[in-house]
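S.K.: Order-wise, the sequence lines are chains A, B, C and D.
Counted the way my numbering counts, the first sequence spans residues 23 to 182.
Counted the way my numbering counts, the second sequence spans residues 381 to 594.
Counted the way my numbering counts, the third sequence spans residues 874 to 1042.
Counted the way my numbering counts, the fourth sequence spans residues 1287 to 1779.
Where is the CB? At the ideal position from N, CA and C, for every residue including glycine.
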Amino acid sequence: MNRRAVSFVEVIMAMGILAMCMLPVMTMFGSSGRAVLKSQNLAFAIGLAHKISQHLLDTPYELIIDVPLPGSSIADGPDDGFFNPLTNIESTAAGALRITQAQLPELWNFLRKYEFRYSLIVNNVNFAAGDRMKCVGIIITWKEGGKDLLYKLYTYVPDM
Amino acid sequence: MATNERKGIALFLVLGLTAVFVPVLLYLSQTGSSQVRLAMKYHEVHQSESAAIAGVNSGLSRLRGNMTGLQQFTNLLIGEIAYDLTIQPTGTGILTQELYHLFSKCTKGQHTFILMSDAEQMYPDPDPPVTVIPHDTWNTIEPYDINLAADVTSMENLRGQDVLSYEETTNYEKSVSKAAYASELMSKRKRLPTELQGDWANVVAILEKEKLAF
Amino acid sequence: MYQTCRRNGRGTTFIELLIGTTILALILGFVARWFFMQREYQKRLTRISDIQNDFRRSSWEMIQELQMARTIIWPRVNADNSLRSDTKLVFKDFTGRIVSYYHVPGSKEVRRCVIPNGPGDPVVNPVPIGRGIASMSFTATSPTNRVISYCMSTDGVFSLDAVYLINTD
Amino acid sequence: MSTGNSRSPDSAGPSPIQDLRKLLSSWAREAGPPMSRPSWSDLQLLLLPLKGSPAAFWDTFLPSLPPSHALLATLVIAQSDTQVRAVFLQRACNAALQTPPAQLFDTLNLFPKELILSGFGPALLSPAPFGPLAAAVLAGLEITIAPGDVPLVLAASTGSAEMLEHLARLVPPEHIDSVIQDLDTQLDTSRPGVADLRDAFVELLKELPRRSLPAVEGDSPSKPPAPTSPTAEPARSDETLAQAQARLAGLRAAGDGNAKRAEESGVSNAISSSLPGIDRNFLAGLVAIAICIPLILYLTTETDQEPAVTTGTPQVPAKVPKFWTDAVTKRKITREFLAADNDFQMGEMFLLREQFGDALSLFRDALHRDPEHVAAQFRIGCCLFSLDDHKGAAQAFRKSLEMQPDLPQANLFLARISVAAQEWDTAIAHYQKEFDLAGDVAIALEYAGMLRKLGRFPEAIKLLTSLPPRFSGHLEVVNLLAQLREDARGIAP
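1. Name the two residues that bound the continuous beta strand (DSSP E) containing Pro-180 of chain A.
2. Per the contact definition of three or more C-beta pairs closer than 8 angstroms, is the stretch 82 to 94 of chain A in contact with the stretch 113 to 132 of chain A?
3. So is Gly-1029 of chain C in contact with chain A if we call contact Cβ pairs under 7 angstroms?
4. Closest Cβ-Cβ distance between Gly-445 of chain B and chain D: below 7 angstroms?
5. Is it the case that the Cβ atoms of His-72 of chain A and His-426 of chain B are separated by a distance below 7 angstroms?
6. Find the residues of chain A that neighbour Ile-921 of chain C, judging by a C-beta separation of less than 7 angstroms, and give them in chain order.
7. Within 7 angstroms (strictly less), CB to CB, does Val-1660 of chain D reach chain A?
8. What's the C-alpha gap between Asp-531 of chain B and Phe-1757 of chain D?
9. Taking Cβ positions only, does Glu-1622 of chain D come closer than 7 angstroms to chain B?
10. Put Gln-451 of chain B into one of helix, strand or coil per three-state DSSP.
11. State the CB to CB distance for the pair Leu-1411 of chain D and Val-1439 of chain D, rounded to an integer number of angstroms; the pair is presumed to be in contact (CB under 8 angstroms).
12. Please determine if the stretch 162 to 170 of chain A and the stretch 435 to 451 of chain B are in contact, where contact requires at least 3 C-beta pairs separated by less than 8 angstroms.
13. With Pro-514 of chain B as the anchor, note down where its alpha helix (DSSP H) starts and where it stops.
14. With a cut-off of 8 angstroms on the beta carbons, I'd call Gln-1631 of chain D and Asn-145 of chain A a contact; round off their distance for me.
15. Could you tell me the alpha carbon to alpha carbon distance between Pro-1324 of chain D and Leu-1332 of chain D, rounded to whole angstroms?
16. Three or more C-beta pairs closer than 8 angstroms, one from the stretch 1301 to 1312 of chain D and one from the stretch 957 to 970 of chain C: is that the case here?
17. From the beta carbon of Val-416 of chain B, is the nearest beta carbon of chain C less than 7 angstroms away?
18. Just to make sure I have the definition right: I need the residues of chain C whose C-beta is within less than 8 angstroms of the C-beta of Lys-73 of chain A. Which are they?
19. Report the residues of the stretch 524 to 552 of chain B with a CB closer than 9 angstroms to any CB of chain D, ordered along the chain.
20. On the DSSP bridge list, what partners appear for Gln-1641 of chain D?
21. Please report how far the alpha carbon of Gln-1330 of chain D lies from the alpha carbon of Ala-1432 of chain D, in whole angstroms.
22. Checking contacts by CB at 7 angstroms: is Met-155 of chain A closer than that to chain B?
23. Rounded C-beta distance between Ile-1747 of chain D and Ala-1774 of chain D? I'm assuming under 8 angstroms.
24. From the beta carbon of His-426 of chain B, is the nearest beta carbon of chain A less than 7 angstroms away?
25. Does the beta-carbon of Val-996 of chain C have 16 or more other beta-carbons within 10 angstroms, so that it is buried, or is it exposed?
26. When we look at the beta-carbon of Gln-577 of chain B and count the other beta-carbons within 10 Å, is it buried (16 or more) or exposed?
27. Against Gln-925 of chain C, what residues of chain A qualify as contacts under a CB-to-CB distance less than 8 angstroms, listed in chain order?
28. Are the C-beta of Gln-1641 of chain D and some C-beta of chain E separated by less than 7 angstroms?
29. At a CB-CB cut-off below 9 angstroms, which residues of chain A make contact with Thr-895 of chain C?
30. What residues in the stretch 1749 to 1761 of chain D have a beta carbon less than 8 angstroms from any beta carbon of chain B?
31. Any C-beta of chain A sitting closer than 7 angstroms to the C-beta of Ile-1564 of chain D?
32. Relative to the alpha-carbon of Cys-157 of chain A, which residue among D:Leu-1749, D:Ala-1730, D:Phe-1636 has its alpha-carbon at the smallest distance?
33. Helix, strand or coil: how does DSSP classify Ala-499 of chain B here?
34. Kindly identify the DSSP beta-bridge partner or partners of Ser-141 of chain A.
35. Keeping to the same chain, check which residues put their C-beta closer than 6 angstroms to that of Glu-429 of chain B; ignore five residues upstream and five downstream.
36. Of the residues A:Ile-39, A:Gly-69, A:Asp-181, which one's Cα is nearest the Cα of Arg-139 of chain A?
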């Protein structure tokens, strides 16, 4: 009986230890998968924010206006000069492609999968007559693993 | 002997599972963290670049606000990103405008991004806004210190070389006729990669149309 | 106790082996299934990571140069001011040279070619500025020719970005 | 013609004893395995009800039965029930004492060896005449006992040559050596005569393979198939007779198991014998699997956390979540936080344009919305400093340092405030802190400049020479160092 008990306890203990050892490793691994997806979405969001900031520098000053939270969806979004329309290989406006399921299904799927949105917080500062500057907060939001994530970037747009 | 058999079973279960799982898990858990690091680096790169651009704009805004002379700022913030700004007078232009070198630097993590720009502040001007004309903005990712004359000088030299080669190019453009300019460019078509040959004629047409005259 | 007597005499019984093997098979079955699932998943993740790296690298290289460029020459917005895309981009760089980025679908590369704005031969960079990019399009979005937007994609991974040209001609 | 025959007990109407006699004799005539002979079930029907009353059985039936039949009857009752057998078989041995060996063997040969062993095993430890008889019976049937029991049986034996002879036959041939060892270790040779007994027995064991069965089996019994001889773990030498008997009796349970096994399939047989011994380990194994497999499956699914691809259904208008998580800093971002950030940004723009009053109010708004906004707290200090409110500025900078001790520039401004107030030691302390924090050359130059003003040239020189090599060649550093050295020479005697 004694010997059995030892053997039994031994196995249980060993298993306990094994499970203990494996848990962090597995969690680490589990998180590594998520980390890759996270890095993918973060990198994508960084690109989106940068893209907006660059367009803003070429947007007529008066046309830079707030896009309040929760923001505008990028997939199926309106014609905003940032993302829609996105491309056009034709020589007229008729050929312009927007991020819709019909026209750019793959990209549309990706954007809808994570619900990528953008919003703009525009601060107008008038220093003097005709001397003004905008500070624009560019906010990209998306959903990932049940969490609402956010990436923000600020830029100054002077009225030159 | 019986106990050994049982121990054998126990040992088999433990070692077997360990031997199978641990290497597998270690092998599988490589990618994630490094990827996040790379994404963060990319974020730093972009943030520093964006902050540097914002810095240039804030510098131009100061000049428009009729602020003159040497201006040095450290730890200015755009969002949560700190950037440094140096506006260094370089003399007076032929239109009696004030000439400046405008430096904007952002260091995020290991990454540095510096923008250097020429700025002409129209002067005298009764009150703001003063007209400011920036040009020849140049960037570097070398970790120069824009508050130190030595670093500033070396940046000015590096950028100067590029500006000189630009002047050479523009001088050439101005010096030749449109036809000669176009034919010179068209003559390169055969030596271009096939991907570019298709639309090269259109490209040359645009270049010809927009050739600098004087 | 009696069993131990018998085991001493006969070693492990058939049923012990049977159960042992069953459990072993069960564990190995699960482990194998799990392992192969993970391997597939990991392959996909690694692939995504590689693509991201390619995108980041090429994107940053282009941004640095384009930001200082003088003007976009190709593509240009359409006559009706609608945007226009192409797989190649031609611009005048900071020093006035004509530089082109172009996508080579066959090798999934984005290459850079420098064309002297005057006498001289075009030079293609020996090293591509972008690798592993299945599709790439540059889009002119404004008549000022100072913004170029681009979109890269490979196996369902995307990168949308744009560059504003600070300088003018 | 009226003979006594007509008054024979048979004619006195059927009685259990008569039925039993008939059944037993017909069973003895019938062919086939003992337990599948036609009369067997009738015998069981008749005898099994008596299990509960052994006394009645012995007193009523056995005296009227021939010993071999009595033994058979006992086995019928006993074979299905260990407890009953424990009681009955010893009595059966008594009965068997009067039975001629050949007849006895004929009967016993019909039964499974384990059954016989479990019946006669305990009797081995009984004094004569049972012990020797049991030994003779088991030896005659070529049944072996657990080697571990041999020393005890030997110790309990009469030591007669015949008994030793039979006892030697009970030792499984493959265990002779281990038995000899056990005898050496486990027999209490200090007791008189035990050593001689052991030596004699060991002698017998050694020459056993060459010897034939002793004369007691005058008529050679029909050879039973080789029994599967059970072997026991070595018995402890200090085991008492009672314990040994209990242990030997313990064999019965297994013997019973074996009896069943004889009628069952190999696998179920193995299960009945093996499972109880291994279940804990396999239970442990199963527990382990129960731990591991859900873990595996959980993590397997967890790693594949990409949300399902959305369908073409139109997007529902999104609600504003309570908060977001900053993908870079992991910080909780609320709308309040964003509003505070906007105020701060606007303040920053006014600060750029040196409109300190407007900036100050915006920074205060930001701090009001988000009391943890370190940058706003710091900027309040900057504005107050520029507005020459050094006291307020110092307070703001101290607060910002409380919020973030390694905040850049706060110490620098505090140093400048101290310089303005000509509190040199405080200024030096703040400059030093700032320099230690940033190691920045601009701070070093400003710090060294102040030290120079104070005439503390060696400290200033030490500070500038302690700069990283990268800065040591810089124009400003070189110039200031040169001036400091000159100043130092100037004051030198």
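M.R.: Considering the structure as presented:
1. Looking at the DSSP string, the run of the beta strand (DSSP E) that includes Pro-180 of chain A is 169 to 180.
2. They do not touch, by the three-pair rule.
3. At least one CB atom of chain A sits nearer than 7 angstroms to the CB of Gly-1029 of chain C.
4. For Gly-445 of chain B, the answer is yes, since a Cβ of chain D falls inside 7 angstroms of its Cβ.
5. In this structure, His-426 of chain B lies closer than 7 angstroms to His-72 of chain A by Cβ.
6. Under a criterion of Cβ atoms nearer than 7 angstroms, the residues of chain A adjacent to Ile-921 of chain C are, in order, Val-58, Gln-62.
7. False, the Cβ-Cβ gap to chain A never drops below 7 angstroms.
8. Rounded to whole angstroms, Asp-531 of chain B to Phe-1757 of chain D spans 10 angstroms at the Cα level.
9. The C-beta of Glu-1622 of chain D comes no closer than 7 angstroms to any C-beta of chain B.
10. In the three-state scheme derived from DSSP, where H, G and I count as helix and E and B as strand, Gln-451 of chain B is classed as strand.
11. About 6 angstroms separates the two Cβ atoms, so the contact holds.
12. Verdict: no, contact absent.
13. Premise fails: Pro-514 of chain B lies in the beta strand (DSSP E), 512 to 520, not in any alpha helix (DSSP H).
14. Contact between Gln-1631 of chain D and Asn-145 of chain A holds: CB atoms are separated by about 6 angstroms, below the 8 angstroms threshold.
15. Taking the straight line from one Cα to the other gives about 14 angstroms.
16. No, the stretch 1301 to 1312 of chain D is not in contact with the stretch 957 to 970 of chain C.
17. For Val-416 of chain B, the closest Cβ of chain C is not nearer than 7 angstroms.
18. Here the neighbours are Ser-1022, Leu-1033, Asp-1034, Ala-1035.
19. For the stretch 524 to 552 of chain B, the beta-carbon criterion of a distance under 9 angstroms to any beta-carbon of chain D is satisfied by Asp-525, Asn-527, Leu-528, Ala-529, Ala-530, Asp-531, Thr-533.
20. Partner(s): none; Gln-1641 of chain D has no beta bridge.
21. One C-alpha to the other measures close to 31 angstroms.
22. Judged by the 7 angstroms Cβ criterion, Met-155 of chain A is in contact with chain B.
23. Contact holds; Cβ gap of about 7 angstroms.
24. His-426 of chain B counts as touching chain A.
25. Exposed.
26. Of the other Cβ atoms in all chains shown, fewer than 16 fall within 10 Å of the Cβ of Gln-577 of chain B; this residue is therefore exposed.
27. The answer, in chain order, is Ser-61, Gln-62, Ala-65.
28. The structure shown has no chain E; the protein chains it does contain are A, B, C and D.
29. Those within 9 angstroms of Thr-895 of chain C in chain A number zero; the least Cβ separation is about 17 angstroms.
30. Listed by position, the residues of the stretch 1749 to 1761 of chain D near chain B (Cβ gap below 8 angstroms) are Phe-1757, Gly-1759, His-1760, Leu-1761.
31. Only weak support is given to the placement of Ile-1564 of chain D: the predicted model assigns it a pLDDT of 46, under 50, and the value that follows is read from those uncertain coordinates. Taking 7 angstroms as the threshold, the shortest C-beta distance from Ile-1564 of chain D to chain A does not fall below it.
32. Nearest of D:Leu-1749, D:Ala-1730, D:Phe-1636 to Cys-157 of chain A, Cα basis: D:Phe-1636.
33. In the structure shown, Ala-499 of chain B sits in a strand (DSSP, three-state: E or B).
34. Looking at the DSSP assignment, Ser-141 of chain A forms a beta bridge with A:Ile-161.
35. If we look at Glu-429 of chain B and ignore the five residues flanking it on each side, its Cβ neighbours are Phe-493.
36. Relative to Arg-139 of chain A, the option among A:Ile-39, A:Gly-69, A:Asp-181 whose CA is nearest is A:Gly-69.
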